[in-house]
Every structure is written in structure tokens, then in C-alpha cells.
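Undergrad: Chains as they are written, first to last, in the numbering used here: chain A, 612 to 1000; chain B, 232 to 821.
1. Are at least three pairs of beta-carbons, each pair with one atom in the segment 719-728 of chain B and one in the segment 636-656 of chain B, less than 8 Å apart?
2. Residue range of the alpha helix (DSSP H) that residue 459/B falls in?
3. Terminal residues of the continuous beta strand (DSSP E) containing residue 736/B?
4. Below 9 Å between beta carbons: does that hold for residue 217/B and residue 463/B?
5. Going by other Cβ atoms of all chains shown within 10 Å of its Cβ, with 16 needed for buried, is residue 614/A buried or exposed?
6. Measure how close the beta-carbons of residue 788/B and residue 599/B come, nearest whole angstrom, since I'm counting them as under 8 Å.
7. List the endpoints of the continuous beta strand (DSSP E) containing residue 357/B.
8. Could you tell me if residue 823/A is buried or exposed, where buried requires 16 or more neighbouring beta carbons within 10 angstroms of its beta carbon?
9. Compare the Cα-Cα distances from residue 215/B to each of 488/B, 327/B, 284/B, 302/B and report the closest residue.
10. Once the 5 residues before and after residue 494/B are set aside, which same chain residues still bring their CB inside 8 Å of it?
11. Which residues of chain A have a Cβ atom closer than 8 Å to the Cβ of residue 694/B, listed in chain order?
12. Tell me the rounded alpha-carbon separation between residue 217/B and residue 487/B.
13. Would residue 986/A pass as an interface residue toward chain B - the criterion being a Cβ-Cβ separation below 9 Å?
14. Examine chain B for any beta-carbon lying closer than 9 Å to the beta-carbon of residue 832/A, and answer yes or no.
15. Answer yes or no: does any C-beta atom of chain A fall closer than 9 Å to that of residue 663/B?
16. Report the neighbours of residue 322/B on chain A: residues whose CB is nearer than 7 Å to its CB, in chain order.
17. Which residues in chain A sit within 7 Å of residue 371/B, going by Cβ to Cβ distance?
18. Rounded to whole angstroms, what's the CA-CA distance from residue 918/A to residue 367/B? Just pull it up for me.
19. If you draw a straight line from the C-alpha of residue 369/B to the C-alpha of residue 335/B, how long is it?
20. I need the DSSP call for residue 243/B, collapsed to helix, strand or coil.
21. Any beta carbon from chain A within less than 9 Å of residue 193/B's own beta carbon?
22. Take the Cβ of residue 729/A as the centre, count every other Cβ of all protein chains shown within 10 Å, and call the residue buried at 16 or more, exposed below.
23. Please report the distance separating the alpha-carbon of residue 365/B from that of residue 317/B.
24. Between residue 610/A and residue 997/A, what straight-line distance do the alpha-carbon atoms span, to the nearest angstrom?
25. In chain B, which residues lie with their C-beta within 8 Å of the C-beta of residue 751/A?
26. Of all the options 690/A, 658/A, 626/A, which has the alpha carbon lying nearest to the alpha carbon of residue 925/A?
27. Taking a Cβ distance cut-off of 8 Å, strictly less, list which residues of the segment 385-417 of chain B are near chain A, in chain order.
28. Identify every residue that forms a DSSP beta bridge with residue 312/B.
29. Would you tell me roughly how many angstroms separate the C-alpha atoms of residue 249/B and residue 740/A, rounded to the nearest one?
30. Could you name the residues of chain B that residue 915/A contacts, counting a contact when the two beta carbons are closer than 9 Å?
31. Let me know the beta strand (DSSP E) ranges lying completely inside the segment 747-795 of chain B, each 3 residues or longer, listed in chain order.
32. Please classify residue 612/A: is it buried, with 16 or more other beta-carbons within 10 angstroms of its beta-carbon, or exposed?
33. Using the rule of at least 16 other Cβ atoms within 10 Å of the residue's Cβ for burial, across every protein chain shown, is residue 716/B buried or exposed?
34. CB residue 522/B to CB residue 753/B, shorter than 9 Å?
35. DSSP three-state label for residue 515/B, please.
36. How many whole angstroms separate the CB atoms of residue 650/B and residue 679/B, which I take to be in contact at a CB cut-off of 8 Å?
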């Protein structure tokens, strides 16, 4: 993308570029913490020479709400209302993992129907999360119209969540013991209708984004994550799949009813921003397909919640567990330690955003054009709230 | 790059003319979904102010506050949830945990006001537009956070139970007790209702957490007869239990019994501190029923020298002589009594004040007197033939049986009455092999006996004849013949209970070997002597006392069935405790 070989500029000493601001060859630019091109509250400290980024430092901490500590001061049932806030665009993964961990520690088996309903909500929220992402991805390259379309379609899914759970953003639907309610009457037909709308939308996006010379010019070759970097930085999810890694927890460690669903792990090979977008785009189609499979095969009747011990005095015997699930951005995990009291001893939330973005972005940004930083960052699909638990 | 990549993006124009997705208020309203978690609604009539919503709220957004027009009652704390929308996170756990189902949510979500204080409000009390809105979040059917079903108590089957006088209720095992204790929401309505105000949520918590020592300590704080009350208490606490609104109340009585059953007599003696220093003052207690024992226990703890005068050969009063062994085993009663007497309380058996000893002397010799002599004189049927051979008194046969006197009942027995004594007499007769018929002048739902006693009597094969008014008793050979009249219930207007009125041409006969009359009993104050009796104040046949159990003669305190209108063991225990405080206050003030 740059003329000539500028990879040796500036001079690198002890692994860091030698930047002499007084030389007037460099300027420092702050992008964020409030910046439309940056996903939520994160600040990028850029050192640029001309329009080329020579160094990028990420600054996090603007969104720290102390969730993990807060959860230690809440009873198990109260924690259920907090975890969804850890990742706003995709709260259900948090709800599921929190519930699954407590069920494992508390020896609670949940009914079959709840497994199906949980899978349904996880796929719906994956789709909603990707719809939000694709708007950001297109918008960061100047194609805001796509964002308008996709966010409106995300709202159709939020409408469905509102019907199912009573909340659009914080669903608080997956509760320890199962889910809080069965699907309401007529829900399936409305869901099918929304899926058909999304089919059409995806077709349109394919035409205007993936067959778009501007997008290709900017995204192809941008932010290539090499195979070595994947394991070194702990990259998971579509970013790893785009590098050719056939890794998906839904297949590798099937949870809920994923082993009953028919799907293949989508991979790419070029590992640049364009391939990552392609993989995510294919996963959107896959989610639509999985939701169709779920509503076709989900048992109509049956219990959806199993009786918990009285939640006001619920104590869980000492133990620890690590549960994982595949979120839209990659591997998501909850580590919970219980000590026999009514409160968790420790909850550690590991979202994929930290490993997928913070230090990796510092590497990938070097030598890219400053205008592509936003697009590069969105192509890593970060969610700062889950970095700062 | 291809030509297609150049042309394809123009496809974006396709959607330029499609309908916009957005809606704009107020041009267009967008109602929330049917399950939307919008503003709270509360049915104030249904709500009992248990405070479970306040307890589960992780944001401390709910406060229980008094509300004008809502009276505090036994089954209602009089408080209602006040919600702070500056804190609420709309999780609806308050709706999920609500014990009565009164708290729900509407699907309304727009509320604009420039005064921030209005967003702290009592749902249901402030006439909000959404109070009548139908849709909104409610608990789904099939989703419950609270366990509505009680852990079943193992009991002897009716076939087994009528073979012997073994205790019918087997008691909870530890696991069962812990599970039952787990159901409690700690609302405390039970504390307010219990005449003795026992710390019920406290000892239930002790059961739940396996802290038996703490549990027993809490029992003795307000009730020195836990083994007794754990068996035969009238458990009004359970009647108001918030879990009972939509499900079965917590088995509070059985949990109390579980706690005290876990500790044997010798261990219990060590647990209860017995060497309280004496303060040099003496109190006489007449009657060693639950009231007398309770007063003795708490007074002794306060340092008084206690002497109990008991007319019978054993202590316990009506609990021993009026309650059969299958409900109240004597060894369990002895356990309670011994623990109390172990505090260094003197008791004189077979010493009837008024006969063996003058009340006046007791009055003069002691610094204060507490009497709790109970209701001992049976009411008469007031019908012809009542004095015939074979007509017995219910209380009398229960007492005789306790003493081990052979009753020699005939094959066919009839019992008249609908109270606990009638049931116990009927069931005792069943256990002795008789064929028992019970007659009551009103309907079964009007019977003053405990519901479970009525049910168990049915189970054990006691035949019930209700709305039966006894008219006359006659001799019929070796047997007795009861002539009774079927009655109809005549409404007496609002607030009054219906009255049985005899039906014409509905005269029936019943033949039996023995007839047991158990239609209630009254007090006997003759032991007080005329002088003292004249100075005490009475209402109907009850002694009038102040809130400390003090009578109009300042040195005399009274309690139990002769004072309170509920006439049960727990009220007597409460009276004893109350009087102990009163006597202490009275004697220390002087």
C-alpha cells in the first residue's frame, strides 16, 4: 500500500521505534476515547509520520465498572442481573456462561427444552452482534448506509428478544436453572419473517460491500494476522478462523445442543481484514441457518426451568469451574470459585476482546495508513466492556 | 478487481425508496411487548408486605414503607414496596420472588417529569396510567423461584395409629428439615403473629445452616416448652406464613420439634444455664401448666425464688392430662419440664391451693403470686338423662387414661362436641376399640378443633354427624339412647356466625354404650376465697389483667386459659413470660 519499502522507517531499537518528536517528522494523534471510528471507550495513541502510523498504543480503563468485584458482593441470583452488562452487544453469552457455571457447581440439571431455548437465544444474539459489527465495519470505511440497514435489522431481532424476555438489550432470560419463559405464541412465525428479511439484507450487503472495489482496496491485505501470531496472542473466533484455524467451541467442545445441529466451521486463509469480514459474513448466514434448524426441531412442550434451592439462601459448596462458549468474537469463558457461602468467592470473566485487540492492534497498526485504523480495529471486533470487567 | 466490483455498489440505491424503519412519538406509539419489563404495578390488596422483593433486589431499589389506608394485621406487615427508579435495573426478580403474585410489571416505558423525586413511588398507590394496563412482565407458568410445596411429614398410617398410643408424627430427618427450612423467605409475619413472638426466621435459619445450638438458644429465649410446642402448638404462625398464600406454609412447628429432638435431656440440661443468683424475693405460682412453667422459668432466670403449687401428682397441666400420648408423648413433656425445674425451681405436687392450703396464706407469704389454673370444669349438656350411668365427660376420660385408670368403654361410643377435647376423646375411644360417632351442632367448618385433628379423626374412622342437636338421653336396655334433632344453619347477618335451628320432623335416635360429652369447660375460681375473688375483676369468666398480666390486686398476676381468649398452650406460655416481666417490674419498682 505504501510506495517503496518503508518498513525500516523509523529506526527500530530494542524492539521499539526511535521516535524523536522534536525532529518534526512525527506527530502524536489521539483517537478516542470518544471517537465514532472506535468501538466504545478505548483510546488509541497514534504516532504518525505523514499519514502512516509508526506506533500505536492502546489505552483502556475508561469503562471499568468493577463487575467481577461487584459480583463477589451479590448473591448468586442477584449476579444474574449483572453479568449481561459485561458485554452489551451480546449479553446472552454472559448469561449462559454464568448460569452454566453455577449449575455445574450446584449440581443442577436443566430440562431439555431450556437447552434448546438457550441455544436459540445465543444464536439470535450472535446474529444481532454481527449485524452491529457489519454496520461498524462498513461505516469505518465510509459506507454508513450499510450500518443503517444492519442496525435496523438488528432492531428486528431486538424486537423478538423483547417479546421473548421482556428486554431489548439486557435480556436477563437465561437464568440459573433454565430460562425464564417459554416462547410466546406466534413467536416462531415472526422469527421466520425476520430471518427472511435478514436473508434479503445479507444478499444486498454482499452486493454493495463484498463486491465493492473501495472496500476491497482498503480491506484486502489490511492487518494480516500471521499463523504464529494467532497462538502467540491467543486469538480466537472468526479472526483465528480467517487465518485457517478450524477452531470453534460449538464443534470442539459442544455445549447445549450444538452437537445436534448440522453446521461446519467456516474458515478463510488470507487472514486480513477482508477475509475476517468474509468469515463473519458467512457466520451470519450460518446463524440464520442454525436458528431455522432450532425452531424446526425444538420440542414444543416441556419444562423450561428446574427448581432451584431457595434463591434467597442459595449456597454453593466449595468448588471451582471454567466454562467456555463461542461468542461472535471468539472464545468466552467464566471462571467461578465458590466457597460454600451464599456469595461467589471469585468470578473471572475472560472475553475474547482483550487478546483479539489490545496488544494485537499495537502490532498490526504499524505501517498502516491512519485512515485505516478504525477499519482495522473493527475488523478485530472488539467489545471494550468485556475487557474491563 | 473486476467491473462487477465497480458497478455492484450502486445496488445501494435499491433501498433508497423503501419505507423507513423508525417510528416517531407522539405521531406513532410503540407499545412494549406483552412481556415487557416496564413500570411496576402492585395490587395493594393482594400484597402482604412480606418484603421478599426488597430482599432480592440487588440494587437496593426497593424499600418497604407504610402506606396510608393499609392496616398492619397478623397476616400483613402493613408495608408496601417503594421503588426507586434511579436504582432499579428492571431485572424483574422482585416479580419472580413475590410470594403473593401481587407485584407485576406493565409494558409502559415512557414517564417524563422534571421533578426527580417522583421517580421514587409506591406502585399501586399513586394512580399511574399503567396501573390498569394489562400486558407486561409476569411470572411465566412453569417458572417458580420459591418452593411452594412443603416437605412431607412421615406419619403412622391411620390403620397403624389406631392400634396404639404411639406418637403419630414421626418428625423430620435432618435432610428433610434443612430442605423445609430452605423454603423460608424470612418475612417475619410469623414473629408478629406468634403470641410468644418467637424468633421463627432465626431458628429456621439455624436449622438451615445446621447450627443447632444457636437454634435451641433462640427457642428458649421466648419459649421454655419447645418440645411441647413443637408437637401440639396451634401454629398460628403457619396460618400467616407468606409461603401459604400461593402454596403450603412452612412447617414451622415441625422445624421447632426437629431442633429440640436433636438434643437429649442430659445435653439440654448442660446447655441451659441453671445457676442464676437469687435476688432474695419469692414468687408463688399456682398451677404447673404451660403458663405457670413459663412464668417460673423466666422468673427464676431473673433471680426470684420460685415455688409452684400443683394439685396433681405431675406437672404439665392440661398438656399432660388433656392431650393424649399419641400427640404429646409424656417423655417429651417431661424433657421440657425437667429442664425448667432444673433451674432450681421448687414444686409441691398434690397440693391444691384452696383445699390443702389457704390462698390467703400464699398471698401473705410471697412477694407476688402468679396463677394459671386453666379451665377444668366441664360444661353440662343441659338435657334430660344427662346423669344416667354411662354418660362420661371428655376431659375426665382423657385425664383418667393418662393416670392409667382402666376406662372400660363399651363397643359403641358417641361423642358430643367439636373441639380438640372431643376429637381426642373420640380418637382415644377408637384406640380402645370402640365404634365412635361424633355429633356436633354446627357444620364441620365451624368446629373449633384444629383442622388436622378433624382430618385425622376422619382417617381413623370416627363417624361424623353434624348439625345434630342433642335432645334427650334415655336408657335402652343395657345401652343408652340419644335422641337428637337435625338442624339447619340460619344466617344471622354479616359478621355473625350462623345459628343451628332444629328442623321439624327430623328427630333421630342413636344407641350407644357410652356417651362422652365434650362441649367445653370453664374455670374454677373457688380456691381464691371469697375475699380475694371479690377484689379481682372478671369479664364473663375471664380474669382481667393489664398488659403485664397484673390483676386488680397488684401482687396477683394471672395468665393462660383463664385470661386469654385463644386458650392454647402458646398463649399461656406468652402470658407466663409477660407476667414474669411484669412481676420483675412490679417488685423492683417498689
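Ideal placement from N, C-alpha and C gives every residue a C-beta, glycine not left out.
TA: Quick look at the numbers:
1. The segment 719-728 of chain B is not in contact with the segment 636-656 of chain B.
2. As a first step, residue 459/B is located in the second chain; it is residue number 228 there, counting from the start. Note, residue 459/B: alpha helix (DSSP H), 457-463.
3. Translated into positions along the second chain, residue 736/B becomes position 505. Per DSSP, residue 736/B belongs to the beta strand (DSSP E) from 730-743.
4. One cannot answer for residue 217/B here, as it falls past the ends of chain B, which runs 232 to 821.
5. For the purposes of this step, residue 614/A is identified with residue 3 of the first chain, where counting begins at 1. Its pLDDT being 49, under 50, residue 614/A is placed unreliably by the model, and the measurement read from it follows with that caveat. Classification for residue 614/A: exposed.
6. Against the second chain, residue 788/B aligns to sequence position 557. Against the second chain, residue 599/B aligns to sequence position 368. Between the beta-carbon of residue 788/B and that of residue 599/B there is about 6 Å, and that keeps the pair under the 8 Å contact cut.
7. Translated into positions along the second chain, residue 357/B becomes position 126. From DSSP, residue 357/B is part of no beta strand (DSSP E); its letter is neither H nor E.
8. For this step, residue 823/A is matched to residue 212 along the first chain. With 16 or more other Cβ atoms within 10 Å, it is buried.
9. Lying outside 232 to 821, the shown extent of chain B, residue 215/B is not represented and no answer is given.
10. Position 263 of the second chain, counted from the first residue, corresponds to residue 494/B. Short of 8 Å from the beta carbon of residue 494/B, and not among the five residues preceding or following it, lie these beta carbons of its own chain, in chain order: 443, 447, 502.
11. Here residue 694/B is taken as the residue at index 463 of the second chain, counted from 1. Chain A residues near residue 694/B: none, gap ~41 Å exceeds 8 Å.
12. Chain B is shown from 232 up to 821; residue 217/B falls before or after that span and cannot be answered.
13. Reading the first chain from its first residue, position 375 is the one you call residue 986/A. No, its Cβ sits nowhere closer than 9 Å to a Cβ of chain B.
14. Counting from one through the first chain, the residue named residue 832/A turns up at place 221. The Cβ of residue 832/A sits no closer than 9 Å to any Cβ of chain B.
15. Residue 663/B sits at position 432 when you count from the first residue of the second chain. Under the Cβ distance rule, residue 663/B does not count among the residues neighbouring chain A, no pair being separated by less than 9 Å.
16. Within the second chain, numbered from 1, the residue matching residue 322/B stands at position 91. Result: 692, 783.
17. Looking up residue 371/B in the second chain gives position 140. Residues of chain A passing the Cβ test: 791, 792, 793.
18. To locate residue 918/A, count along the first chain from 1; it is residue 307. To locate residue 367/B, count along the second chain from 1; it is residue 136. Here the alpha carbons of residue 367/B and residue 918/A stand approximately 24 Å from one another.
19. Taking the second chain and counting its residues from 1, the one referred to as residue 369/B is at position 138. Taking the second chain and counting its residues from 1, the one referred to as residue 335/B is at position 104. Looking at the two C-alpha atoms, the distance is approximately 6 Å.
20. The count along the second chain starts at 1 and reaches residue 243/B at position 12. In this structure, residue 243/B counts as helix in the three-state DSSP scheme.
21. The first residue shown for chain B is 232 and the last is 821, placing residue 193/B beyond what the model contains.
22. Position 118 of the first chain holds residue 729/A. When all chains shown are included, residue 729/A counts as buried.
23. Position 134 of the second chain, counting from 1, holds the residue named residue 365/B. Position 86 of the second chain, counting from 1, holds the residue named residue 317/B. Distance from the CA atom of residue 365/B to the CA atom of residue 317/B, rounded to whole angstroms, is 25 Å.
24. A query on residue 610/A cannot be resolved here, the shown segment of chain A reaching from 612 to 1000 and no further.
25. Against the first chain, residue 751/A aligns to sequence position 140. Near residue 751/A there are no residues of chain B at all, since even the closest Cβ is about 16 Å away, more than 8 Å.
26. For the purposes of this step, residue 925/A is taken as residue 314 along the first chain, with counting starting at 1. Scanning 690/A, 658/A, 626/A for the CA closest to the CA of residue 925/A turns up 690/A.
27. Cβ proximity to chain A below 8 Å picks out 413, 414, 415, 416, 417 from the segment 385-417 of chain B.
28. In the second chain, counting from the first residue as 1, residue 312/B sits at position 81. Assignment of beta-bridge partners to residue 312/B by DSSP yields 295/B.
29. The sequence position of residue 249/B within the second chain is 18, counting from 1. The sequence position of residue 740/A within the first chain is 129, counting from 1. Distance from the CA of residue 249/B to the CA of residue 740/A, rounded to the nearest whole angstrom, comes to 24 Å.
30. On the first chain, residue 915/A is found 304 positions in, with the first residue counted as 1. Taking a Cβ-Cβ cut-off of 9 Å, the neighbours of residue 915/A in chain B comprise 371, 373, 374, given in sequence order.
31. Given a length threshold of 3 residues, each whole run of the beta strand (DSSP E) inside the segment 747-795 of chain B is given here in chain order: 752-754, 787-789.
32. For the purposes of this step, residue 612/A is taken as the residue at position 1 of the first chain. In this prediction, residue 612/A has a pLDDT of 40, which is less than 50 and means its spatial position is unreliable; nothing more can be read from the coordinates.
33. Counted from its first residue, the second chain places residue 716/B at position 485. With at least 16 other beta carbons inside 10 angstroms of its own, residue 716/B counts as buried.
34. Here residue 522/B corresponds to residue number 291 of the second chain, with the count starting at 1. Here residue 753/B corresponds to residue number 522 of the second chain, with the count starting at 1. No, Cβ-Cβ distance for residue 522/B and residue 753/B is not below 9 Å.
35. For the purposes of this step, residue 515/B is taken as the residue at position 284 of the second chain. Residue state, collapsed to three classes: strand.
36. As a position in the second chain, residue 650/B is number 419, starting the count at 1. As a position in the second chain, residue 679/B is number 448, starting the count at 1. Between residue 679/B and residue 650/B the Cβ distance is about 5 Å, and since that is below 8 Å, they are a contact.
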